[in-house]
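With the numbering used here, letter number 200 in the sequence shown gets 530, and the count goes up by one each step, no holes. Each residue gets a CB set at the ideal place from its N, CA and C atoms; glycine is no exception.
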Amino acid sequence: MKKLLVVLFSLLIALALVGCTKAPEANNEEEVAEEATGKYTVYNMTGHDVTELYLYEAGSADKGENYAAEKAIAPEKVVKLEYTAASDAVLVLEFTTEEGTRSFDTLHIEEAPISLLSVDAAAGATNISFTAGTGVGVYNVTNATGGTVSAIYMYPEGSEDKGTNYAGEAGLADGESVTIEIEGVLGQNHIFEFVDATGEARTFDTLHIEVASFDLLSVDAAAGATNIKFGY
């Protein structure tokens, strides 16, 4: 009888322990990568108008916004794109010119410059280059300050080197013009600086790589902080 009681008591304890022990729950949830935003500066280096430009997740049936819908992106123009998705997402950059529709199918969430290439410039199936597009800016500058301009500089924003003094050793006399050519990154701000007859250095801080003509204005003729006048 004693043995039977001991066995029954042992069974009760075992059952109690089983009831108190919970089986580990299965974790069926997959780990999801955190969201991140890719930022891309896209340079049209195809030599043709880009009429369609899409950025979308690989495998998606919806290409989203056509960034060239309102206006075709002309050669050597710049577009800034952003895309937010899982940090490990793979994106497709697709563009259309008169040469056809082409794409780059393994773009990642990152911050990068991207040059769209022409068919001839593309190496095999590589339709883009992870480099900033460059071009040559040509500026016809006329001194309309009323006095001699002793110094003229053009340099990229943030540069400590102003480079060549385009006014020359003798300066640029009133009414005279000079043509300036510089190579630089498309879309990047360039500083145009000149020193007038009073010795005052004045600047125009948002000049880009382009073809343009403008006058240098006197302090009296300048409207506020606008020290130059475009289009003559």
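Asked: Could you compute how far the alpha carbon of Gln518 sits from the alpha carbon of His538?; Found: 6 angstroms
Asked: Do you know whose CA, among His520, Tyr370, Asp535, Ile510, lies nearest Pro443's CA?; Found: Tyr370
Asked: For His538, write down the residues that DSSP places opposite it in a beta bridge.; Found: DSSP output for His538 lists no bridge partner at all.
Asked: On a Cα-Cα basis, can you pick out the residue from His438, Thr533, Thr475, Gly488 that is closest to Phe460?; Found: His438
Asked: Within its chain, find whatever has a CB closer than 8 angstroms to the CB of Asp550; leave out the 5 residues flanking it on each side and keep chain order.; Found: none
Asked: So, at 6 angstroms on beta carbons, what are the nonlocal neighbours of Phe522 in its own chain, with the 5 sequence-adjacent residues on each side left out?; Found: Met484, Phe534, Leu537
Asked: Could you check how far apart the C-beta atoms of Ala388 and Leu421 are, in whole angstroms? I think they sit under 8 angstroms.; Found: 6 angstroms
Asked: Does the Cβ-Cβ distance between Gly501 and Thr478 come in under 7 angstroms?; Found: yes
Asked: Answer with buried or exposed for Ala453, where buried requires no fewer than 16 other C-beta atoms within 10 angstroms of its C-beta.; Found: exposed
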